[in-house]
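Numbering-wise, the numbering used here comes out as the position in the sequence shown, counting from 1, plus 2. All C-beta atoms, glycine included, are put in the ideal place defined by N, C-alpha and C.
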Amino acid sequence: MAFSTTGCNKDDDNKEEQGCVKEENYFEAQFESQTIELFYVQGGGFGLYTLNLQRCSPDDNSWILSINTENGINLYLYLVDIIDMGNYSITFGDPGHTSISCAEVTSLFIEDEASNTYTYISSSNGSIEITEYDSGYGILMGTFSAEMVSTANPAVKKTITGEFNLNKSTLDNTKRPCWLE
């Protein structure tokens with residue numbers, strides 16, 4: 003599996019000089035030597051930034067972060083029982099889990115959108131460091147690293163690393179972030 007997304011760095015095209023800095027509501031990951039990054043899709047008069055963050059009701063300290071990439075790869079990060087800043091273990095992802103429902107453990111899933119199947123799930127070898135957290139505003143900032151296991155061949159293991167800066171109170175999926183213009 004290869005990812006062929008294109009993306010920008012935090013200051014492509016001197017956008018920082020123009021007041022556009024990727025400071026909030028972004029997610030980036032490295033997997034198989036490729037960057038997994040969000041994009042803004044537009045068509046039929048509508049647009050959508052492909053980052054979603056939602057609470058797992060009734061537990062306000064559990065979250066689903068989902069992203070879609072331009073090449074049809076979806077990534078799901080389930081953050082369970084986040085109560086403060088600190089390190090949290092990433093555990094084995096359940097291959098039978100349904101992506102739209104909350105997970106029981108902190109885990110990662112990579113899904114092929116065309117087949118609607120998971121291609122990689124997290125093993126029990128990984129961690130997330132939450133560097134800023136505010137449950138009231140829905141602020142989650144941090145980094146992560148995890149071993150991912152192929153669902154087709156469990157002997158195939160690859161590492162994913164990444165960072166995120168999310169603020170649910172300011173996330174508006176209908177607006178194109180300035181760094182994507």
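Residue burial classification, residue i (beta-carbon count within 10 angstroms, cutoff 16)
i           : result
residue 150 : buried
residue 8   : Low confidence applies to residue 8: its pLDDT is 37, below 50, so where it sits in the model is not reliable enough to give any reading.
residue 168 : buried
residue 27  : buried
residue 31  : buried
residue 70  : buried
residue 164 : buried
residue 38  : buried
residue 25  : exposed
residue 154 : exposed
residue 85  : exposed
residue 139 : exposed
residue 4   : Only weak support is given to the placement of residue 4: the predicted model assigns it a pLDDT of 42, under 50, and the value that follows is read from those uncertain coordinates. Exposed: under 16 other Cβ atoms inside 10 Å.
residue 68  : buried
residue 105 : buried
residue 100 : exposed
residue 119 : exposed
residue 95  : buried
Identified DSSP bridge partners for residue i
i           : result
residue 148 : 128, 162
residue 31  : 38, 164
residue 54  : 68
residue 80  : 66, 109
residue 135 : 142
residue 93  : Bridge partners of residue 93: none, in fact.
residue 74  : Paired residues: none, contrary to the question.
residue 119 : 114
residue 61  : 58
residue 88  : 132
residue 169 : 141
Check whether residue i and residue j have beta carbons under 8 Å apart
i           : j           : result
residue 134 : residue 145 : no
residue 129 : residue 147 : yes
residue 124 : residue 110 : yes
residue 112 : residue 77  : yes
residue 79  : residue 173 : no
residue 137 : residue 62  : yes
residue 115 : residue 75  : yes
residue 90  : residue 108 : yes
residue 160 : residue 33  : yes
residue 59  : residue 81  : no
Any non-hydrogen atom of the ligand NAP within 7 Å of residue i CB
i           : result
residue 124 : For the ligand NAP, the structure offers nothing, since it holds no ligand at all.
Cβ of residue i within 8 Å of any chain C Cβ
i           : result
residue 104 : The question asks about chain C, but that chain is absent: this structure has only one protein chain.
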